[in-house]
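Novice: Protein sequences, first through last, are from chains X and B.
Using the working numbering, read the first sequence as starting at 67 and increasing by one per residue.
Using the working numbering, read the second sequence as starting at 2 and increasing by one per residue.
This structure is in structure tokens; I'll ask about it shortly.
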Amino acid sequence: MVKKLWMTCLFAIVIGQAQAAFPSVYAALPNNFAGIGALRVGFSDYEVGYLMPSNIGILKILRINNNFYSALGLSYLFLGTPAIVGSGGFNFNVWKSIGIRGELAAYQGILNNQSGGIGMIGGSFNF
Amino acid sequence: MKKILLFVFILGIIPGISMASLELGAGLNSAFNGRMVPTLTASITGSKFALTAFSSGVNSTYYYHSTYGLAWYYTMPVRDILGGKVNFGFGLGTFYAERGFQDMDSSRKEKKSDYASGPAIRLNYTFAGFIYFNMEAMYGLRSLYHNLTLNFQDMVVTSIGIRIW
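Structure below.
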């Protein structure tokens with residue numbers, strides 16, 4: 067009986083968390099509309115992938131409210147250094163699970179002071 | 002009438018200043034991309050605003066390069082990470098840079114300067130109570146063309162510092 071209760075609670079917690087944290091995909095163009103700005107896969111409060119031009123890594127999303135967020139993360143900069151990444155942006159749901167999302171992002175290379183800021187505009191899809 | 006207006010102005014501004022804190026830090030900025038040139042930063046922060054400034058430069062026998070910046074942010078606390086507080090800000094910033102070069106055997110010094118203003122974001126992570134990591138990114142827009150193509154001159158300032166009060 068106790069075992070069943072535990073299993074039910076565990077199942078409820080797992081399902082509850084899964085329902086609260088849908089995976090998402092974010093693709094965006096950079097501010098000069100050349101190449102790919104971002105291509106990320108998100109789950110819960112984390113996103114991984116091509117964070118911004120020349121950066122692959124992981125971001126923790128810090129939500130301000132339903133439509134606005136900031137983010138902090140770590141990345142590998144293609145110029146050969148780990149980097150700290152920060153950003154702030156918006157995400158408006160326009161139709162079903164599709165949203166318009168834009169972001170101002172910046173990176174700071176730790177070893178060689180390579181840094182930059184990028185603006186991005188694109189779309190997000192929540193599964 | 003002027004005295005009354007001044008009095009009202011002072012009454013309005015003093016509570017904001019008394020609530021504010023002063024932050025001093027050092028770090029790097031993207032005016033010297035690829036070179037470890039130190040940047041000094043200072044900020045006055047309140048519960049909902051941050052006024053920040055930075056200064057950096059190099060000087061040698063042949064050339065100099067100085068960069069200064071100023072930004073104002075509307076800030077909001079976001080959440081705690083590992084016991085530290087993260088604060089996000091969105092606002093406006095501006096920077097000014099001046100460069101000078103004198104070739105060998107030349108008496109003429111070439112000078113150039115530029116500036117840009119535009120939207121800016123700020124991420125501040127304060128840990129251990131008074132030590133902070135700060136990242137500011139300024140997206141300077143210069144002309145209508147640059148505005149239309151969103152092709153801006155970016156300036157990223159990253160610093161670590163302490164909150165004085």
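The beta carbon of each residue, even a glycine, is placed where N, CA and C say it ideally should be.
Just so it is clear, the structure is predicted and the values come from calculations on it, not from any experiment.
#1: How should residue 158 of chain B be labelled, buried or exposed, when 16 other C-beta atoms within 10 angstroms of its C-beta is the threshold for buried?
#2: At 7 angstroms on the CB atoms, spell out the chain B contacts of residue 172 of chain X, in chain order.
#3: Taking CB distances under 9 angstroms as the criterion, tell me whether residue 124 of chain B reaches chain X.
#4: Kindly indicate if chain X contains any beta-carbon less than 9 angstroms away from that of residue 59 of chain B.
#5: Per DSSP, which residues does residue 155 of chain B bridge with? Please list them.
#6: Which of the three DSSP states, helix, strand or coil, is assigned to residue 83 of chain B?
#7: Give the residues from the region 69-93 of chain B that approach chain X closer than 8 angstroms (Cβ to any Cβ), ordered along the chain.
#8: If the cut is a Cβ gap below 8 angstroms, which residues of chain C does residue 181 of chain X touch?
#9: In whole angstroms, give me the CA-to-CA distance for residue 121 of chain B and residue 51 of chain B.
#10: Return the bridge partner residues of residue 73 of chain B from the DSSP annotation.
#11: Give the straight-line distance between the Cα atoms of residue 99 of chain X and residue 103 of chain B, rounded to the nearest whole angstrom.
#12: Could you list which residues in chain X have their beta carbon closer than 8 angstroms to that of residue 50 of chain B, in chain order?
#13: Note down, in chain order, each residue of its chain lying with its Cβ closer than 6 angstroms to the Cβ of residue 116 of chain B, except the 5 sequence neighbours on either side.
#14: Given residue 83 of chain B, which residues of its chain have a CB within under 8 angstroms of its CB, disregarding the five upstream and five downstream residues?
#15: Under a three-way DSSP split, which group does residue 33 of chain B fall into?
#16: Is residue 177 of chain X helix, strand or coil by DSSP?
#17: Counting only C-beta atoms, is residue 124 of chain X closer than 9 angstroms to chain B at any point?
#18: Using a Cβ-Cβ cut-off of less than 8 angstroms, list which residues of the region 135-151 of chain X approach chain B; keep chain order.
#19: So, for residue 191 of chain X: in the same chain, excluding its five sequence neighbours on each side, which residues have a beta-carbon less than 7 angstroms away from its beta-carbon?
#20: To the nearest angstrom, how far is it from the Cα of residue 152 of chain X to the Cα of residue 136 of chain B?
#21: Run through chain X and tell me which residues come within less than 8 angstroms of residue 168 of chain B, C-beta to C-beta.
#22: Look at the alpha carbon of residue 56 of chain B and the alpha carbon of residue 21 of chain B, and state the distance between them as a whole number of angstroms.
#23: Please list the partners that residue 105 of chain B has in chain X, where partner means a Cβ-to-Cβ separation under 9 angstroms.
#24: Going by DSSP in three states, residue 92 of chain X sits in which element: helix, strand or coil?
#25: Does DSSP put residue 170 of chain X in a helix, a strand or coil?
#26: If distances are taken between C-alpha atoms only, which option among X:142, X:114 and X:154 comes closest to residue 168 of chain X?
#27: Any Cβ of chain X within less than 9 angstroms of the Cβ of residue 149 of chain B?
#28: At a CB distance below 7 angstroms, what residues from the region 90-104 of chain X approach chain B? Give them in sequence order.
Specialist: According to the structure data:
#1: In the second sequence, the residue the question calls residue 158 of chain B occupies position 157. Around the beta carbon of residue 158 of chain B, a 10 Å sphere encloses 16 or more other beta carbons of the protein chains shown; the residue is thus reported as buried.
#2: Locating residue 172 of chain X in the first sequence gives position 106, where the first residue counts as 1. In chain order: 136, 138 and 157.
#3: Residue numbering aside, residue 124 of chain B sits at position 123 when the second sequence is read from its first letter. Taking Cβ atoms only, chain X reaches closer than 9 angstroms to residue 124 of chain B, which makes this a yes.
#4: Walking along the second sequence from the start, residue 59 of chain B turns up at place 58. Using beta-carbon distances, residue 59 of chain B does not count as an interface residue toward chain X, since no partner is under 9 angstroms.
#5: Taking the first residue of the second sequence as position 1, residue 155 of chain B is located at position 154. Answer by DSSP bridge pairing, in chain order: B:140.
#6: The residue labelled residue 83 of chain B in the question sits at position 82 within the second sequence. Residue 83 of chain B sits in coil when the DSSP states are folded into three classes, being neither helix nor strand.
#7: Here the close residues are 77, 79, 80, 82, 87, 89 and 91.
#8: In the displayed structure, chain C is absent; the protein chains listed are X and B.
#9: One-based indexing of the second sequence puts residue 121 of chain B at position 120. One-based indexing of the second sequence puts residue 51 of chain B at position 50. Between the C-alpha atoms of residue 121 of chain B and residue 51 of chain B there is a straight-line separation of about 12 angstroms.
#10: Residue mapping note: residue 73 of chain B aligns to position 72 of the second sequence, counting from 1. Answer by DSSP bridge pairing, in chain order: B:52 and B:93.
#11: Position 33 of the first sequence, counting from 1, holds the residue named residue 99 of chain X. Position 102 of the second sequence, counting from 1, holds the residue named residue 103 of chain B. In a straight line, the C-alpha of residue 99 of chain X is about 38 angstroms away from that of residue 103 of chain B.
#12: Position 49 of the second sequence, counted from the start, is the residue given in the question as residue 50 of chain B. At a C-beta separation below 8 angstroms, residue 50 of chain B has no neighbours in chain X, since its nearest C-beta there lies roughly 16 angstroms away.
#13: Within the second sequence, residue 116 of chain B is the residue found at index 115, counting from 1. Taking residue 116 of chain B as the centre and dropping the five residues before and after it, the same chain places the C-beta of 97 closer than 6 angstroms to its C-beta, in chain order.
#14: Counting from one through the second sequence, the residue named residue 83 of chain B turns up at place 82. Excluding its 5 nearest sequence neighbours in each direction, residue 83 of chain B has C-beta neighbours in its own chain below 8 angstroms: 128, listed in chain order.
#15: Walking along the second sequence from the start, residue 33 of chain B turns up at place 32. DSSP places residue 33 of chain B in the helix class (H, G or I) of the three-state scheme.
#16: Residue 177 of chain X sits at position 111 when you count from the first residue of the first sequence. Residue 177 of chain X: coil per DSSP, three-state reduction.
#17: Along the first sequence, read from residue 1 onward, the residue named residue 124 of chain X stands at position 58. So no, residue 124 of chain X is outside the interface.
#18: From the region 135-151 of chain X, only 136, 138 and 150 have a Cβ closer than 8 angstroms to chain B.
#19: Here residue 191 of chain X refers to the residue found at position 125 of the first sequence. Excluding residues within five positions, the ones whose Cβ falls inside 7 angstroms are 90, 91, 163 and 164.
#20: Looking up residue 152 of chain X in the first sequence gives position 86. Looking up residue 136 of chain B in the second sequence gives position 135. Whole-angstrom Cα-Cα distance: 7 angstroms.
#21: There is simply no residue 168 of chain B to check, as chain B begins at 2 and stops at 166 in what is shown.
#22: The residue labelled residue 56 of chain B in the question sits at position 55 within the second sequence. The residue labelled residue 21 of chain B in the question sits at position 20 within the second sequence. Cα to Cα, the separation comes out at about 21 angstroms.
#23: By 1-based counting over the second sequence, the position of residue 105 of chain B is 104. Going along chain X, no residue has its Cβ under 9 angstroms from residue 105 of chain B, so there is no contact; the nearest lies around 28 angstroms.
#24: Numbered from 1 along the first sequence, position 26 holds the residue referred to as residue 92 of chain X. Strand at residue 92 of chain X.
#25: The residue you call residue 170 of chain X lines up with position 104 of the first sequence. If DSSP states are grouped into helix, strand and coil, residue 170 of chain X belongs with the strands.
#26: On the first sequence, position 102 is the one that residue 168 of chain X refers to. Looking at the Cα atoms, X:154 is the closest of the given residues.
#27: Mapped onto the second sequence, residue 149 of chain B falls at position 148. The C-beta of residue 149 of chain B comes no closer than 9 angstroms to any C-beta of chain X.
#28: Per Cβ criterion, the list reads 97 and 98.
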